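Chains as they are written, first to last, in the numbering used here: chain D, 425 to 538; chain A, 568 to 682. Glycine included, each C-beta is placed from N, C-alpha and C at the ideal position. Just so we're clear, the structure is a prediction, and the values are computed from it rather than from any experiment. Please read the structure below before turning to the comments.
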């Protein structure tokens with residue numbers, strides 16, 4: 425199984441600033457996917473962004489980008505121009521190609537300060 | 568706007584009672600996941616199905632938990648008998664395999680309290 429590590433239990437960022445949420449993973453599989461999800465206080469899990477292990481370019485989705493460093497086994501989420509609505513828990517997850525199990529890290533609580 | 572629907576949203580039950588949680592996956596999705604979220608353990612994968620067949624339920628306590636997909640529009644997670652330590656939020660997610668990976672869409676969860 426994959427092991428996902430998110431070392432930042434909580435992060436604060438000023439509104440309109442950029443913030444990086446860390447994620448490292450541990451896998452021996454050559455092919456895997458990396459995901460980020462957002463969980464606001466309402467509780468639902470919202471898919472944000474996906475990166476495949478063989479993708480040459482870092483994934484981007486609007487204000488979200490994934491800083492994928494394969495050699496370091498890290499998949500950090502960068503949120504640009506933070507908004508108050510970005511305050512939430514953020515979970516990094518990974519799966520094994522073909523197995524399609526999806527394992528989550530412990531999450532980082534992001535608070536955006538006005 | 569397609570979404571995963573879970574019922575009930577909240578459930579309070581007494582220890583020893585049977586609990587059934589239901590999930591309607593998004594039409595066309597062939598993979599269904601069940602997760603449990605607690606403060607202590609975070610998000611734990613309990614079981615997942617592909618094309619209604621269980622692929623892996625190793626994360627699930629077998630003696631009291633069971634997961635089924637009676638048809639493509641319904642997935643169930645049953646606990647019998649329930650215990651206070653089962654109190655958690657249970658999420659169902661569905662997805663479609665694309666390029667070997669599944670982008671999972673989550674329901675709003677069932678918050679279970681066993682007293």
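DSSP places residue 463 of chain D inside the beta strand (DSSP E), whose first and last residues are 456-463. Annotated as proximal: residue 436 of chain D and residue 536 of chain D, with beta-carbon spacing under 9 Å.
The C-alpha of residue 479 of chain D is placed about 22 Å away from the C-alpha of residue 504 of chain D. Neighbours of residue 468 of chain D in chain A, taken as residues whose beta carbon is under 8 Å from its own, are 673, 674, 675 and 676 in chain order.
Going by DSSP, residue 447 of chain D is part of no beta strand (DSSP E) at all; its letter is neither H nor E.
Contact between residue 645 of chain A and residue 633 of chain A holds: their C-beta atoms lie close to 5 Å from each other, under 8 Å. Relative to residue 590 of chain A, the option among A:627, A:578, A:571 and A:581 whose CA is nearest is A:571. By the beta-carbon neighbour count (other beta carbons within 10 angstroms, threshold 16), residue 452 of chain D is exposed. If you ignore the 5 residues before and after residue 678 of chain A, its C-beta comes within less than 6 Å of the C-beta of 577 and 656, all in its own chain and listed in chain order. Contacts with chain D (Cβ-Cβ distance below 8 Å) from the segment 627-640 of chain A involve no residue at all. The three-state secondary structure of residue 576 of chain A, taken from DSSP, is coil. The straight-line gap separating the alpha-carbon atoms of residue 671 of chain A and residue 464 of chain D is approximately 17 Å. DSSP lists D:492 as the bridge partner or partners of residue 499 of chain D. Take residue 621 of chain A, set aside five residues on each side of it, and no residue of its chain has a beta-carbon closer than 6 Å to its own. Annotation for residue 440 of chain D: 505 place their beta carbon closer than 6 Å to its own, counting only its chain and skipping 5 residues before and after.
Listed in chain order, the non-local C-beta contacts of residue 619 of chain A below 7 Å within the same chain comprise 636 and 639, local neighbours out to five positions each way being set aside. Excluding five sequence positions before and after residue 681 of chain A, the CB atoms of its chain that fall closer than 7 Å to its own CB belong to 580, 582, 649, 650, 651, 653 and 654, given in chain order. Contact annotation, residue 429 of chain D with residue 529 of chain D: C-beta distance approximately 6 Å; criterion of less than 8 Å satisfied. Contact note: residue 474 of chain D reaches chain A through 668 and 670, using a C-beta cutoff of 8 Å and chain order.
Distances from the CA of residue 647 of chain A to each of A:573, A:574, A:575 and A:588 were compared; the closest alpha carbon is that of A:588. In terms of beta-carbon proximity, residue 660 of chain A lines the interface with chain D, with at least one pair separated by less than 9 Å. At least one C-beta of chain A is nearer than 9 Å to the C-beta of residue 530 of chain D.
Within the same chain, Cβ atoms closer than 7 Å to the Cβ of residue 675 of chain A are found at 573 and 576, the five residues on either side in sequence being excluded. No Cβ of chain A is located within less than 9 Å of the beta carbon of residue 514 of chain D.
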